[in-house]
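What follows is a single structure, written as structure tokens, with notes after it.
Number of protein chains: 2
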Amino acid sequence: MAAFEKRLLQAPSGFPDLGPKEAIAQRSMLDTIRVQFESAGYVPIETPLVERPEVLSAKAGGEISAQIYGLRVMNPAEGAEDDSKNLALRFDHTVPLARFVAANQGELAFPFRRYAIGPVFRGERAKSGRYRQFIQADIDVIGDGTLSLLHDAEMVSVISGIFTALAIGPFTVRIGNRKVLEGLIRATGLSDGNVKKASNAIDRLEKVGVKATIASLVDLAVEEEQARDLIALLTDDRDTNHVLALLREKEYGPLYAEGVDELTRVVSAVRQLGVPEDCFRVDISIARGLDYYTGTVFETRFDTYPELGSIASGGRYEDLTGTFANRKLPGVGISIGVTRLLLRLIEAGIMPAEKSTIAKVLVTTGLGAEAYGAVYLDQARRLRDAGIPTELYLGERPLDKQLQFASRKGFGFAIITREEDIKAETLIVKNLETSSQYEIPSSELLQTMRHLLK
Amino acid sequence: MAAFEKRLLQAPSGFPDLGPKEAIAQRSMLDTIRVQFESAGYVPIETPLVERPEVLSAKAGGEISAQIYGLRVMNPAEGAEDDSKNLALRFDHTVPLARFVAANQGELAFPFRRYAIGPVFRGERAKSGRYRQFIQADIDVIGDGTLSLLHDAEMVSVISGIFTALAIGPFTVRIGNRKVLEGLIRATGLSDGNVKKASNAIDRLEKVGVKATIASLVDLAVEEEQARDLIALLTDDRDTNHVLALLREKEYGPLYAEGVDELTRVVSAVRQLGVPEDCFRVDISIARGLDYYTGTVFETRFDTYPELGSIASGGRYEDLTGTFANRKLPGVGISIGVTRLLLRLIEAGIMPAEKSTIAKVLVTTGLGAEAYGAVYLDQARRLRDAGIPTELYLGERPLDKQLQFASRKGFGFAIITREEDIKAETLIVKNLETSSQYEIPSSELLQTMRHLLK
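Respectively, the protein sequence lines represent chains R and U.
Numbered per our numbering, the first sequence spans residues 282 to 735.
Numbered per our numbering, the second sequence spans residues 282 to 735.
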């Protein structure tokens with residue numbers, strides 16, 4: 282048969298293909314995230330990757346976004362009805378959550394905390410750093426009618442827990458409030474129609490800089506001095522208490538006052554939840570692109586790698602389910618774009634992805650795995666039974682090649698049995714990082730490895 | 282806006298929608314499987330859920346199966362090229378593995394052990410127990426040119442480890458060998474063209490029974506007495522050593538002899554790997570529907586729930602990559618259909634899925650979460666920091682409602698702080714299963730909970 286075209290062996294553009302090193306690093310990151318989600322009482326739901334197009338488009342007034350992938354049966358049996366036209370791939374975790382909560386509202390106990398970790402799809406034009414499939418890790422908590430502001434604070438605590446546990450470097454969760462931002466913008470005298478435009482301009486502040494943002498506001502008919510004052514306030518990076526005091530001084534009407542009160546209470550609860558002072562700050566300039574955030578908004582950045590942009594974002598919304606249910610279900614949530622974050626951290630050399638093994642121990646079989654099965658297979662069995670993940674080298678190659686295999690994959694230790702060890706009931710434990718090795722009685726294998734792996 | 286049609290809130294037919302109870306049970310099952318995979322030295326790769334149709338069809342001689350879902354951009358921007366016609370959803374983990382190994386053969390260290398746990402898609406007509414999206418958990422080990430038979434034995438050890446850890450009930454891994462089966466069939470004098478048909482008939486033995494299988498063989502021109510003898514041998518459930526001895530007595534040519542030798546060596550290694558004798562047996566009748574198994578084949582059944590069919594199956598194949606690479610890469614693998622297994626276990630009441638919480642502790646806030654934030658948020662923080670997953674009830678409802686919430690979700694313990702506890706610096710730990718409760722100094726919360734959760 283003709284050879285397969287080599288270029289077709291690459292995963293399609295925009296669809297990341299993770300080899301062992303990257304996949305192991307991703308596993309580890311996802312595990313850390315999940316532990317923190319579960320630590321705060323969040324539980325998983327598993328909705329399918331496939332939803333009805335009507336569901337996916339409901340929030341956009343029924344319009345199907347160009348980014349939605351539909352399905353089709355490629356080679357339908359003759360006469361068979363193709364119902365795949367009613368299927369499409371999800372583009373986030375929020376719409377499936379809204380559908381699930383609307384469908385099961387009678388059985389859920391509110392406040393309902395759920396996490397979702399899994400792939401979402403976007404039919405974007407593929408370019409560097411843009412993925413068409415990527416893993417998002419979300420939590421949301423949904424209330425029935427009302428939802429305490431303390432949940433907003435808990436989001437900050439969960440983000441802080443995750444990035445502390447990931448130990449990638451110092452980070453800051455920025456906490457804003459849409460009502461405060463809107464109050465400040467309205468105070469400049471802008472008409473209703475221009476408030477949203479100004480909010481979008483401010484959202485790009487960090488990207489385009491102070492000067493360009495002031496110019497955008499002036500274009501919207503804000504007086505230059507007012508624009509300067511507003512931007513000065515938004516870029517004020519004095520400490521949290523100072524910023525809050527400054528905001529409290531101003532009188533910009535009830536919506537603004539409500540926002541400042543919310544922000545103050547959220548910050549107070551963030552402290553009560555033990556989030557260190559240097560892991561969060563108030564940042565009123567956060568608008569978030571999405572329209573549906575109505576109160577608290579979050580962004581998170583690494584202090585030393587600001588170029589990575591926001592690594593965990595979210596906020597509060599007034600009603601999760603919209604037209605799916607005639608019940609008001611407010612929520613607050615955050616989302617981490619894991620695939621993009623992971624691959625950028627690896628690429629930038631910030632996160633190592635060097636090992637292509639999870640097991641730290643390789644049982645080598647230099648005398649022949651089958652001829653000495655009673656020895657080698659028993660060593661592997663004992664280690665595994667003791668909870669020590671162990672690879673057993675079963676190819677028939679000389680010991681030096683097996684040790685090369687071990688080093689290449691990144692094992693910490695190799696177990697070696699020589700001819701003379703068989704009768705003496707001994708074995709060698711070789712530390713592959715230091716190259717030091719110890720001869721020990723075979724019966725002491727477990728206690729030695731437990732000690733070395735500590 | 283008009284209310285959304287209720288029936289559209291159900292996930293599409295064939296696409297399971299797991300609520301917290303089922304999703305928590307699935308998480309736990311997947312974790313157990315993963316720990317066993319990693320314990321034996323398997324590492325993940327993460328290929329996308331989307332592959333090129335050419336890749337998916339390569340093993341079927343370029344033919345696109347009716348079960349493959351293709352993608353399409355639903356609402357393409359005008360003039361934009363729709364390259365989604367080159368995208369389709371994977372239907373198993375093996376084809377993506379073959380593509381990945383062919384594309385990266387230069388960088389992989391062989392033998393290459395990999396696991397894959399994730400959804401696959403089949404455009405089947407949806408019916409009870411048939412899913413269009415389901416999670417498969419696979420391991421495969423791939424050799425370069427050759428691959429020791431000991432890997433086949435390791436598969437049995439991994440399956441045994443998984444079902445022992447899942448603790449659902451006694452199970453038996455059945456080990457067969459295609460060469461032995463083919464040798465036995467050929468010994469009946471069947472022509473080449475009928476050997477495969479006879480093998481398929483035998484594969485259905487358990488389903489259709491002895492009588493119908495003999496009839497099928499007779500239809501293929503096997504003499505009735507020979508057919509009876511063959512089926513008698515295949516359904517012989519004497520112990521492993523007896524069956525092997527019986528097989529060794531027969532002389533049906535070199536292929537048969539090779540198969541019997543392989544089977545004998547696999548069984549010997551299975552024992553050396555410590556798999557208990559009552560967890561496996563030889564079963565020559567296993568043919569497996571798939572054409573590409575060439576040697577060892579596996580099936581696994583629960584001893585007490587045979588109606589669940591095979592719960593972990595696989596076997597050895599001569600060449601993973603086929604036309605993808607001009608290098609012979611033999612492999613052996615197993616696959617567990619997790620979604621189907623999980624949902625049938627839950628449905629049959631064999632596996633409980635009763636709790637909709639992972640955290641065992643609920644911090645109740647009967648005095649008001651915000652008013653007493655300094656107390657309640659601190660309790661939650663201390664528990665979480667100590668590694669005890671804890672939900673913090675943040676709704677403003679009376680204590681009895683909060684305790685109902687706790688019972689409904691399946692928490693083990695509630696932490697209660699009454700008015701008098703504030704000054705006394707005490708709190709109540711309530712065991713929700715026994716309804717017993719203890720008043721303790723607040724400072725002893727962690728040590729008490731650690732003790733109770735042991």
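C-beta atoms are modelled at their ideal positions from N, C-alpha and C, and glycine is treated no differently.
Own chain, CB closer than 8 Å to R/Ile304, minus 5 neighbours either side, in chain order: At residue 304 of chain R the sequence reads Ala, which differs from the Ile that was named. If we look at R/Ala304 and ignore the five residues flanking it on each side, it has no Cβ neighbours.
For R/Ala695 and R/Ala687, believed in contact at Cβ under 8 Å, the rounded distance: With a Cβ gap of about 5 Å, R/Ala687 and R/Ala695 count as contacting.
Where U/Arg582 falls, given that 16 or more other Cβ within 10 Å makes a residue buried: buried
Sheet register partners of R/Gly603 (DSSP bridge): Paired residue(s): none; R/Gly603 is not in a bridge.
Chain R contact for U/Ile639 (CB, 8 Å cutoff): yes
Contact set for R/Tyr396: own chain, Cβ-Cβ below 6 Å, skip 5 residues either direction: Phe318, Tyr323, Pro325, Ile420
Residue-chain proximity (U/Pro392, chain R), Cβ-Cβ < 8 Å: Interface residue, yes.
7 Å Cβ cut-off: residues of chain R touching U/Glu327: Leu299, Ala304, Gln307
U/Ser594 - DSSP class collapsed to helix/strand/coil: strand
Sequence-distant residues of the same chain with beta carbon closer than 8 Å to R/Leu623, five excluded per side: Glu303, Ala306, Gln307, Met310, Met632
contact_flag[the segment 602 to 616 of chain R, the segment 378 to 386 of chain R] where n(CB pairs < 8 Å) is 3 or more: yes
Residue burial classification, U/His432 (beta-carbon count within 10 angstroms, cutoff 16): buried
When R/Glu580, R/Arg665, R/Ile627 are compared against R/Val439, the one with the closest alpha-carbon: Here the closest residue by C-alpha is R/Glu580.
Which of helix, strand or coil DSSP assigns to R/Ser717: coil
Interface flag, R/Ala705 vs chain U, CB-CB below 8 Å: no
Cβ-based neighbour list, R/Asp640, same chain, cut-off 6 Å, excluding 5 preceding and 5 following: First, the residue type needs correcting, since residue 640 of chain R is Ala and not Asp in the sequence shown. Excluding residues within five positions, the ones whose Cβ falls inside 6 Å are Pro670, Thr671, Glu672.
Three-state secondary structure (DSSP) of U/Ser616: strand
Span of the beta strand (DSSP E) around R/Val376: Per DSSP, R/Val376 belongs to no beta strand (DSSP E); it is in the alpha helix (DSSP H), 375 to 384.
Where R/Gly654 falls: helix, strand or coil (DSSP): helix
Identified DSSP bridge partners for R/Thr671: Note: R/Thr671 sits in a beta bridge opposite R/Val642.
Assumed close pair R/Lys460, R/Glu530 - CB separation to whole angstroms, cut-off 8 Å: Wrong, their Cβ atoms sit about 17 Å apart, outside the cutoff.
Supposed close pair U/Asn356, R/Ile345 - CB separation, criterion 8 Å: The beta-carbon distance between U/Asn356 and R/Ile345, rounded to whole angstroms, is 4 Å. This is short enough to meet the 8 Å contact definition.
Residue range of the alpha helix (DSSP H) that includes U/Arg689: 680 to 690
Sufficient close CB pairs (3 or more, under 8 Å) joining the segment 583 to 600 of chain R to the segment 613 to 621 of chain R: Touching, yes, given that three or more Cβ pairs across the two stretches are closer than 8 Å.
Cross-chain neighbours of U/Gln553 in chain R, by beta carbon under 8 Å: The contacting residues are Gly654, Ala655, Leu658, Asp659, Arg662.
Reduced DSSP category for R/Pro400 - H, G, I as helix; E, B as strand; rest coil: strand
Neighbour list for R/Met310 in chain U, Cβ cutoff strictly below 8 Å: None at all; the shortest Cβ gap to chain U is about 12 Å.
Any 3 or more C-beta pairs closer than 8 Å across the segment 473 to 488 of chain U and the segment 554 to 564 of chain U: They do not touch, by the three-pair rule.
Cβ of R/Leu528 within 8 Å of any chain U Cβ: no
Minimum Cβ-Cβ distance from R/Val331 to chain U less than 8 Å: yes
CB contact check: U/Tyr573 to chain R, cutoff 8 Å: no
Nearest candidate by alpha-carbon position, reference R/Val364, set U/Gly351, U/His374, U/Ser365: A small fix is needed here, since residue 364 of chain R is Asp in this sequence, not Val. Measuring from the Cα of R/Asp364, the nearest candidate turns out to be U/Gly351.
Beta carbon proximity, U/Thr453 to chain R, threshold 8 Å: no
Beta-carbon gap between R/Leu471 and R/Val503 smaller than 8 Å: A contact, by the Cβ cut-off of 8 Å.
Interfacial residues, the segment 363 to 378 of chain U to chain R, with Cβ spacing under 7 Å: Ser365, Asn367, Leu368, Ala369
Chain-ordered neighbours of R/Ile277 on chain U, where CB pairs are closer than 9 Å: The requested residue 277 of chain R is not part of the displayed model; chain R covers only 282 to 735.
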